[in-house]
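**Q**
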Amino acid sequence: MRITDVEVIPLRIPAHNVHIADGIQDDVIVRVHTDEGITGVGEADSSPMVVKAVVEAWPSWPRCRGLRDILVGEDPLNVEMLWEKMRFGTLWLGRNGVAQQAIAAVDMALWDIVGKAQSKPVHQLLGGAYRDRIRVYASALFTEDPAEMTEVGQKYVGQGFSAVKFGWGPMGRSLAGDVKLVETARRAVGDDVDLLIDAGCPFKARDAIQRVHAFAEYRPFWFEEALEGDDLDGFRRLSRAAGDIRIATGEQESALPAFEALITEGEVDVIQPDVSRAGGPTECRRIAQMAYRHHRLCVFHAWKSGILVAATLHLAAITPDIPFVEYTVSESPLRRELAHVATTLKDGVATIPQAPGLGVELNEEIVARYRMDR
Ligand SMILES: [Mg+2]
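Residue numbers for the sequence shown follow the working numbering, so the first one is 692 and each next one is one higher.
#1: Cβ of D1064 within 7 Å of any heavy atom in ligand 1?
#2: Compare the Cα-Cα distances from K995 to each of E1017, R910, R826 and E1052 and report the closest residue.
#3: For ligand 1, is there a heavy atom less than 7 Å away from the beta-carbon of E944?
#4: Could you compute how far the alpha carbon of I1043 sits from the alpha carbon of D823?
#5: Does the beta carbon of G858 fall short of 7 Å from some heavy atom of ligand 1?
#6: What's the gap between the Cα of G851 and the Cα of P701?
#7: Which residues share a DSSP beta bridge with R756?
#8: For chain D, is any of its Cβ atoms less than 8 Å away from the one on R987?
#9: Within the stretch 774 to 815, note down every full alpha helix (DSSP H) run reaching 4 residues or more, in order along the chain.
#10: Check whether the Cβ atoms of F912 and V903 lie closer than 8 Å to each other.
#11: Which residue spans inside the stretch 929 to 1013 form an unbroken alpha helix (DSSP H) run of at least 4?
#12: Anyone know if the C-beta pair for A744 and V719 falls short of 8 Å?
#13: Taking the alpha-carbon positions, what's the G860 to D922 distance?
#14: Kindly provide the ranges of any alpha helix (DSSP H) runs that are 4 or more residues long and lie completely inside the stretch 702 to 761, ordered along the chain.
#15: I'd like the span of the alpha helix (DSSP H) that includes F906, first residue to last.
#16: Would you say the stretch 809 to 822 touches the stretch 748 to 763, given that touching needs at least three Cβ pairs under 8 Å?
#17: Are the Cβ atoms of G920 and Q901 separated by less than 8 Å?
#18: Tell me the DSSP bridge mates of G913?
#19: Assign L866 to buried or exposed, taking buried as 16 or more other Cβ atoms, counted over all protein chains shown, within 10 Å of its Cβ.
#20: Could you please give the first and the last residue of the uninterrupted alpha helix (DSSP H) stretch that includes T875?
#21: What residue range does the alpha helix (DSSP H) around I1057 cover?
#22: Measure the beta-carbon distance from L1036 to I715 and round it to whole angstroms, keeping in mind my assumption that it falls under 8 Å.
#23: Is it the case that the stretch 958 to 966 contacts the stretch 980 to 997, given that we only count it when at least three CB pairs across the two stretches are under 8 Å?
#24: Considering T1042, what are the terminal residues of the beta strand (DSSP E) in which it resides?
#25: If you compare alpha carbons, which of G970, D696, D803 and A949 is closest to E1052?
#26: Return the first residue and the last residue of the beta strand (DSSP E) that A838 is part of.
#27: Would you tell me roughly how many angstroms separate the C-alpha atoms of I694 and K807, rounded to the nearest one?
#28: Closer than 7 Å: is that where the CB of E698 sits relative to any heavy atom of ligand 1?
#29: CA-CA distance, G764 and V1032?
#30: On the DSSP bridge assignment, give the partners of S830 in chain order.
#31: Distance, Cα to Cα, V870 vs A907?
#32: Look at the alpha carbon of R931 and the alpha carbon of E958, and state the distance between them as a whole number of angstroms.
#33: Quick check: the stretch 769 to 781 against the stretch 725 to 741, are at least 3 beta-carbon pairs closer than 8 Å?
#34: Tell me the DSSP secondary structure of L1036 in three-state form.
#35: Run the proximity test for D935: is its beta-carbon closer than 7 Å to any non-hydrogen atom belonging to ligand 1?
#36: Would the C-beta of E915 count as close to ligand 1, meaning under 7 Å from any of its heavy atoms?
As structure tokens, then:
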């Protein structure tokens, strides 16, 4: 089997509001085509037109090539070798960041092809599953209105979620205001639900330490992205001061060395790679194994379409120690209708897809309705 084309499809909903932190208002998917009629699908959480450029760029020299130029003519079953070829061929596009995000989408599609060719689900190809289902958490935004937060928290608990995350919004304006947000969130979900707090990077270490002490009585499971990603010294200070609260971060990162630095230098308890940003299933498996080796948690971030939902569930299946993963609850049509996933969600627990490949079926009507390149 040979790769004949790497097709990039940018998508965007007409109601796209750039001021709302909902990353599934636009999307970029790739389809890797082969000469045997098998097609794989993948997705990147990035800027769609930038990913398109990374795939379609002409070759400048051996370490500065587009992904299509690297892949056409290759055997798609050689996924790990092709991942290394893509890494080497895009070194000048950035060892971290958008090059890895584009590789993530293509890598996902390659694993989808291998699974379809061998009639096996991706988790089996990646080494075999520890589980056939996983707890998932729902995410909501902090808002100015406590009644709104209460309503949203109660809605997710009512749907059966046993872990709920609140994040961003007004967090970071004042100590008293931030404590009120966490108190409201805890009241909304009740005492028995794991409450996750996502600050959205507003703090310096000193302020974050003050918060983590003040939040303790509301027993958050973790405190996420309190600091900017490169503040390893700050993460170390915060982690050492955090007591029982786990310090989590990493959704911005896209290569294994950055995650390892967060653990060994930042001393964080939880890393949060996103399979559609951090090099795809190939690299995310290595990242999860690295975290396990350091006795830390790897809990996948995921806020995109059903394609990423499926890829995340396969990675959750093969990760030895994982309490739950994020489950995108956005109402965007790109989340709800773009891809059908072979999973069921009941009482906050999702089944791992067992269909060949990723176990996703694209809705061609939705692709045609929202694609931006025609
Ligand atoms: Mg986050």
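Every residue gets a Cβ at the ideal spot worked out from N, C-alpha and C, and that includes glycine. These numbers come from a predicted model, not from an experiment.
**A** Here's the rundown:
#1: On the sequence shown, residue 1064 is found 373 positions in, with the first residue counted as 1. No, Cβ of D1064 sits at least 7 Å from all heavy atoms of ligand 1.
#2: In the sequence shown, counting from the first residue as 1, residue 995 sits at position 304. The candidate whose alpha carbon is nearest that of K995 is E1017.
#3: Position 253 of the sequence shown, counted from the first residue, corresponds to residue 944. No.
#4: One-based indexing of the sequence shown puts residue 1043 at position 352. One-based indexing of the sequence shown puts residue 823 at position 132. If you take the alpha carbons of I1043 and D823, they lie about 5 Å apart.
#5: As a first step, residue 858 must be located in the sequence shown, where it is residue number 167. Yes, the beta carbon of G858 sits closer than 7 Å to at least one heavy atom of ligand 1.
#6: In the sequence shown, counting from the first residue as 1, residue 851 sits at position 160. In the sequence shown, counting from the first residue as 1, residue 701 sits at position 10. The alpha-carbon atoms of G851 and P701 are separated by roughly 34 Å.
#7: The residue labelled residue 756 in the question sits at position 65 within the sequence shown. Answer is none; R756 lacks a bridge partner.
#8: Of the protein chains in the structure, only one exists, and it is not chain D.
#9: 789 to 809
#10: As a position in the sequence shown, residue 912 is number 221, starting the count at 1. As a position in the sequence shown, residue 903 is number 212, starting the count at 1. Going by C-beta atoms, F912 is not nearer than 8 Å to V903.
#11: 947 to 955, 971 to 984 and 997 to 1009
#12: Stepping through the sequence shown from its first residue, residue 744 is reached at position 53. Stepping through the sequence shown from its first residue, residue 719 is reached at position 28. No. Outside cutoff.
#13: One-based indexing of the sequence shown puts residue 860 at position 169. One-based indexing of the sequence shown puts residue 922 at position 231. Their backbone Cα atoms lie some 22 Å apart in a straight line.
#14: 739 to 747
#15: Within the sequence shown, numbered from 1, the residue matching residue 906 stands at position 215. Counting along the chain, the alpha helix (DSSP H) containing F906 begins and ends at A896 to F906.
#16: no
#17: For the purposes of this step, residue 920 is identified with residue 229 of the sequence shown, where counting begins at 1. For the purposes of this step, residue 901 is identified with residue 210 of the sequence shown, where counting begins at 1. Cβ distance not < 8 Å, so G920 and Q901 don't count as in contact.
#18: For the purposes of this step, residue 913 is taken as the residue at position 222 of the sequence shown. Note on residue identity: the sequence assigns Trp, not Gly, to residue 913. In the DSSP output, where bridge partners are listed per residue, W913 has L887 and R937.
#19: Taking the sequence shown and counting its residues from 1, the one referred to as residue 866 is at position 175. Exposed, since its Cβ has fewer than 16 Cβ neighbours within 10 Å.
#20: Position 184 of the sequence shown, counting from 1, holds the residue named residue 875. T875 -> alpha helix (DSSP H) spans L866 to V880.
#21: Walking along the sequence shown from the start, residue 1057 turns up at place 366. I1057 -> alpha helix (DSSP H) spans E1055 to Y1061.
#22: Here residue 1036 is taken as the residue at index 345 of the sequence shown, counted from 1. Here residue 715 is taken as the residue at index 24 of the sequence shown, counted from 1. At roughly 17 Å, the Cβ-Cβ gap does not stay under 8 Å, so L1036 and I715 are not in contact.
#23: yes
#24: Working through the sequence shown from its first residue, we reach residue 1042 at position 351. Looking at the DSSP string, the run of the beta strand (DSSP E) that includes T1042 is V1040 to T1042.
#25: Counting from one through the sequence shown, the residue named residue 1052 turns up at place 361. Here the closest residue by C-alpha is D803.
#26: Start at 1 with the first residue of the sequence shown, and residue 838 comes out as number 147. Not the beta strand (DSSP E): A838 falls in the alpha helix (DSSP H), residues P837 to G849.
#27: Here the question's residue 694 lines up with position 3 in the sequence shown. Here the question's residue 807 lines up with position 116 in the sequence shown. Taking the straight line from one Cα to the other gives about 14 Å.
#28: Within the sequence shown, the letter at position 7 stands for residue 698. Flag unset: Cβ of E698 not near ligand 1.
#29: On the sequence shown, residue 764 is found 73 positions in, with the first residue counted as 1. On the sequence shown, residue 1032 is found 341 positions in, with the first residue counted as 1. When rounded, the distance between both Cα atoms is 30 Å.
#30: Walking along the sequence shown from the start, residue 830 turns up at place 139. In the DSSP output, where bridge partners are listed per residue, S830 has K856.
#31: Counted from its first residue, the sequence shown places residue 870 at position 179. Counted from its first residue, the sequence shown places residue 907 at position 216. Their backbone Cα atoms lie some 10 Å apart in a straight line.
#32: Within the sequence shown, residue 931 is the residue found at index 240, counting from 1. Within the sequence shown, residue 958 is the residue found at index 267, counting from 1. Straight-line Cα distance between these residues: approximately 8 Å.
#33: no
#34: In the sequence shown, counting from the first residue as 1, residue 1036 sits at position 345. L1036: strand per DSSP, three-state reduction.
#35: Your numbering for residue 935 matches position 244 in the sequence shown. The answer is no for D935.
#36: Indexing the sequence shown from 1 puts residue 915 at position 224. Yes, since a heavy atom of ligand 1 falls inside the 7 Å radius drawn around the Cβ of E915.
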